[in-house]
Each structure stands twice: as structure tokens, then as C-alpha cells.
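A quick write-up on the structure given underneath.
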């Protein structure tokens, strides 16, 4: 009986030890190209992200890059730097956040999204339209410098 209770206690404690929380993905992340940093933050009970650094924040004329491909004409003049480009990511289970929305300012497109925390410094982001198996994946790296 004692062995059974001990086994259950160990199993529960190991599940708790590997449980992820929103705090695990919060922080600064380099995108795959390492030309931008996206800061992920808690937004109520979900995760959102905004562009907080760009390698080339200005266009060839020295003006801040904007969002000219946005389907909403009113948003085309907004600056990319500081733009919220992902929101509503909900912790589903383990190391997965799903049901989020992504906006790609390089293409002017909106996608559904899913985040998987591969390890403490690696984040896999999947953007898709409709079904998650039809989409594109990107690996981000935690900013540690």
C-alpha cells in the first residue's frame, strides 16, 4: 500500500514539474530570420506578442517601416515597430498554446496560430488557415543577450 501511494505521489509530482504556464513563454524571442524581436506577454489569461525590435526599422528613405500590405486601409500607415502581431494564444495542455491569431506584416495576412515550447529557449510557431496541418512553421529563439 505504501509503495502504491509513493508511486502515485511521484507520478503526480513529475507531471506538475513538467507542467507549463503562461510565464514559460513570456519574454523576448528572435524570429526565425533573427531580424526582429517579438515580446510575448500575458494579456489576461492569454498570450499576445508585439514587435519590440527590428534589425532594419526604417525604409530606404529613413522613415519607420509601416504596414502597407494590410487589407484594412486605415492600418496601412501604422508603424511595424510596436505592432501587436499575435494574440489570444490560450494554454491548452503541456507545452502547447493554441487558438491564437497571427498577423504577418511582411505579407499582410492573418492566420490562426499555435505555439509549442520545445524547450526553455526554443519556441515553435505554426500559422495556418483552416486546418493546422496546412500551414507554415517557424522556430523562434529566446533572446538571452
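In the numbering used here, the protein residues as written are 67 to 211.
Cβ coordinates follow ideal geometry from the N, Cα and C atoms, glycine included.
In this text, all values refer to a predicted model and were calculated from it rather than measured experimentally.
The alpha-carbon of residue 177 is positioned some 30 Å away from that of residue 127. Nearest C-alpha to residue 88 among 97, 115 and 100: 115.
Residue 147 carries a coil assignment under DSSP once its states are collapsed to helix, strand and coil. DSSP, read as helix, strand or coil, puts residue 94 in strand.
The Cβ atoms of residue 112 and residue 167 do not sit closer than 8 Å to each other.
Residue 96 and residue 103 have their C-alpha atoms roughly 5 Å apart.
Shortest Cα-Cα distance from residue 151 to any of 196, 119, 185 and 199 involves 119.
No Cβ-Cβ contact shorter than 8 Å links residue 191 with residue 183.
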